[in-house]
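Asks:
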Amino acid sequence: RVRNDRWICQDPKEVKPTMSSKKPAAVMTLAVISSEGDVMVPHFFQANETVNKTVYLDVLKRVVVPWMKKTAGERKYTFQQDSAPAHKAKTVQNYLEANTAHFWPPTFWPANSPDLNPCDFYLWGRVEGIACNTYHKST
1 RVRNDRWICQ DPKEVKPTMS SKKPAAVMTL AVISSEGDVM VPHFFQANET VNKTVYLDVL
61 KRVVVPWMKK TAGERKYTFQ QDSAPAHKAK TVQNYLEANT AHFWPPTFWP ANSPDLNPCD
121 FYLWGRVEGI ACNTYHKST
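Per full-length UniProt numbering, the sequence shown starts with residue 1, numbered consecutively.
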């Protein structure tokens with residue numbers, strides 16, 4: 001985010017200093033939530049790790065799909081994701097179609113729907129708000 005704020009004041013002490021970093025720390029995170037309120041413990045990728053189709057598929061196999069099967073049990077569920085390049089990879093699509101109860105392919109994914117994309121329209125903003133509430137030193 002680029003900010004270019006200007007302040008007009010009589011006394012420089014009236015302007016509150018703000019801390020920011022030109023290259024803020026970031027972390028790639030994968031989260032899964034259900035309409036029943038189940039929340040998977042977030043999976044944090046390694047620092048500077050590129051999440052390509054191979055990395056993403058490995059996490060689906062080791063973490064996400066086993067959690068979904070354990071959590072959902074006999075309940076029917078639909079697995080949906082956004083349109084990140086790793087999510088759209090054919091190998092990922094084929095794996096999910098074969099290993100989840102009901103999988104929505106990219107042609108079914110809702111565009112910009114707060115009701116159908118709770119991670120994009122609620123979760124990530126909430127997580128960022130909590131994480132950025134405290135100043136963190138740059139590394």
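Ideal Cβ positions, reconstructed from N, Cα and C, are used throughout, including at glycine.
1) Please name the residue or residues paired with Val-41 in a DSSP beta bridge.
2) Under the rule that 16 or more other beta-carbon atoms within 10 Å means buried, what is Gln-81, buried or exposed?
3) My output table needs one value for Ile-33: the three-state DSSP class, helix, strand or coil.
4) Can you tell me where the alpha helix (DSSP H) with Val-63 in it begins and where it stops?
5) Can you give me the C-alpha to C-alpha distance between Ala-47 and Val-59, rounded to a whole angstrom?
6) Among Glu-74, Asn-99, Thr-78 and Pro-42, which has the Cα closest to the Cα of Val-65?
7) So, using beta-carbon positions, are His-43 and Val-63 closer together than 7 angstroms?
8) Could you name the residues of the same chain whose beta carbon sits closer than 6 angstroms to that of Ala-101, not counting the 5 residues immediately before and after it, in chain order?
Replies: Working from what's here:
1) Per DSSP, none; premise fails for Val-41.
2) buried
3) strand
4) Taken as a continuous stretch (DSSP letters only), Val-63 belongs to no alpha helix (DSSP H), as it is neither H nor E.
5) 15 angstroms
6) Asn-99
7) yes
8) Lys-76 and Tyr-77
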